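These protein sequence lines are chains A and B, in that order.
Numbering of the first sequence is given in my numbering, commencing with residue 1 and proceeding in unit increments.
Numbering of the second sequence is given in my numbering, commencing with residue 162 and proceeding in unit increments.
Where a beta carbon is used, it is the ideal one built from N, C-alpha and C, also for glycine.
Because the structure is a prediction, the values reported are computed rather than measured.
Scroll down for the structure; my scribbles are underneath it.
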Amino acid sequence: MGASEVTAEGPGAAAVARTLDAVVEGMGLEATVVVSPGPDDTDIDATVEGEGLSPLIGRGGETIDALQYLLGQIASRAEGGSRRRVSLDADGYRARRAAALEALADQAAREAVEHGEEIELDAMTPHDRRIVHMALKDRPEVVTRSEGEEPRRRIIVEPAE
Amino acid sequence: MSPADPSPLSAMVGALARGLVDNPEQVEVKEESDGETRVISLYVAETDLGQVIGRGGRVARALRVILRSASTARGERATLEIVD
C-alpha cells in the first residue's frame, strides 16, 4: 500500500498524497493514489484508482466531498497559507455522478413543465446541487432554487412564469 | 471503557489532523473501546483547536463523515471526540 504517484510539485501536493494514502489505509482499501497538477498552476488533481471504492465516495458523495474539502485545507496549510484548490475523484466517480445528475435535472425539468408544478429533488451536497443548477441554467422554461438547511438542502425545479 | 489497540482508524484520524494544524507534533490520538464502539479522542495544541473544528464545525463534521465511512467499511463503529 502507499503506492502513490505524484506528478504535481510542491509541499501541497505531497501533503495531499500523504494524507490520501493514510485514508486509503484507514479504510482498508486496495488502491493507488495519483496526484497531478490541476488546470490552474495552483490547482491539484487527486484521484484514487482501484476497486470497491464506495467507502471513499460515501452516500450521495458525502465522504468524497468531505475529504476533498479537508485536502484543500491541508494543501493550503502545507503551502504556507496560499490557497490550493484540490479536486478529488475516485475511479471516475465524478463523471458518472455528473451524467446521472444531468439526466435527473432533465427529467425534473420535463415533469415541471408537463405538470405545471414544482418538482422537489432529494437533498444533495453543494457540489451536486451546483451541477443541477448549471445543467438547467440555459433552459428558459424552468427556474431552479435551493431550499432547506444543510445537509437536507435540496433543489426545487419550477416552470418559468 | 477499556484501552483498545490503536487501529488504522486512529492512524487515519492522526494523519488528517496533522495536516490541518500548525503544530503537528502536538497531535495525539487515543483510543478506547466502549462496548462495540471505538471512541477515538483527538488532542491538539490549544491554538490549533479551531483548525480541527473549523468555521461552523465544518472541519469536525468532515472528519466524522470520513471516520464513519472508514469504520463502516471495516465493519466497526467508531466515534470521534475532539478534546478541548
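Using a Cβ-Cβ cut-off of 8 Å, state whether residue i counts as contacting chain A.
i	result
V205/B	no
I227/B	yes
V220/B	yes
R235/B	yes
A231/B	yes
G180/B	yes
A239/B	no
L177/B	yes
L170/B	yes
Roughly how many whole angstroms lie between the Cα atoms of residue i and residue j?
i	j	result
P169/B	R153/A	33 Å
A109/A	V132/A	10 Å
G12/A	E117/A	48 Å
G50/A	A31/A	4 Å
T144/A	R129/A	10 Å
A105/A	T233/B	31 Å
L67/A	Q107/A	30 Å
M173/B	G26/A	5 Å
L136/A	I155/A	11 Å
L177/B	Y69/A	12 Å
D122/A	T63/A	17 Å
E149/A	A17/A	33 Å
T198/B	D245/B	21 Å
A168/A	I119/A	Lying outside 1 to 161, the shown extent of chain A, residue 168/A is not represented and no answer is given.
Starting from residue i, trace the alpha helix (DSSP H) both ways and give me its first and last residue.
i	result
P246/B	What is shown of chain B runs 162 to 245, which leaves residue 246/B out entirely.
E49/A	No alpha helix (DSSP H) contains E49/A, which is instead part of the beta strand (DSSP E) from I44 to G50.
A109/A	Y93 to H115
V226/B	R219 to A234
E25/A	P11 to M27
Along the chain, where does the beta strand (DSSP E) containing residue i start, and where does it finish?
i	result
P159/A	R154 to P159
R145/A	V142 to E147
S4/A	Careful: S4/A lies outside any beta strand (DSSP E) and carries neither H nor E.
For chain B, find out if any of its Cβ atoms is closer than 8 Å to the Cβ of residue i; answer yes or no.
i	result
V6/A	no
Y93/A	no
Q73/A	yes
A66/A	yes
G26/A	yes
L136/A	no
R152/A	no
V48/A	no
V23/A	yes
Whole-angstrom Cβ separation of residue i and residue j, contact assumed at under 8 Å?
i	j	result
V157/A	D91/A	Not confirmed; about 30 Å, so no contact.
S76/A	A46/A	With 8 Å as the limit, S76/A and A46/A do not qualify as a contact, their Cβ atoms being about 14 Å apart.
V23/A	I227/B	7 Å
E193/B	Y204/B	That belief does not hold up - the Cβ atoms of E193/B and Y204/B are roughly 13 Å apart, past 8 Å.
Y93/A	I57/A	5 Å
Just to check, is the beta-carbon of residue i closer than 7 Å to a non-hydrogen atom of the ligand NAD?
i	result
L228/B	With respect to small molecules bound, the structure shown includes none, and the ligand NAD cannot be examined in it.
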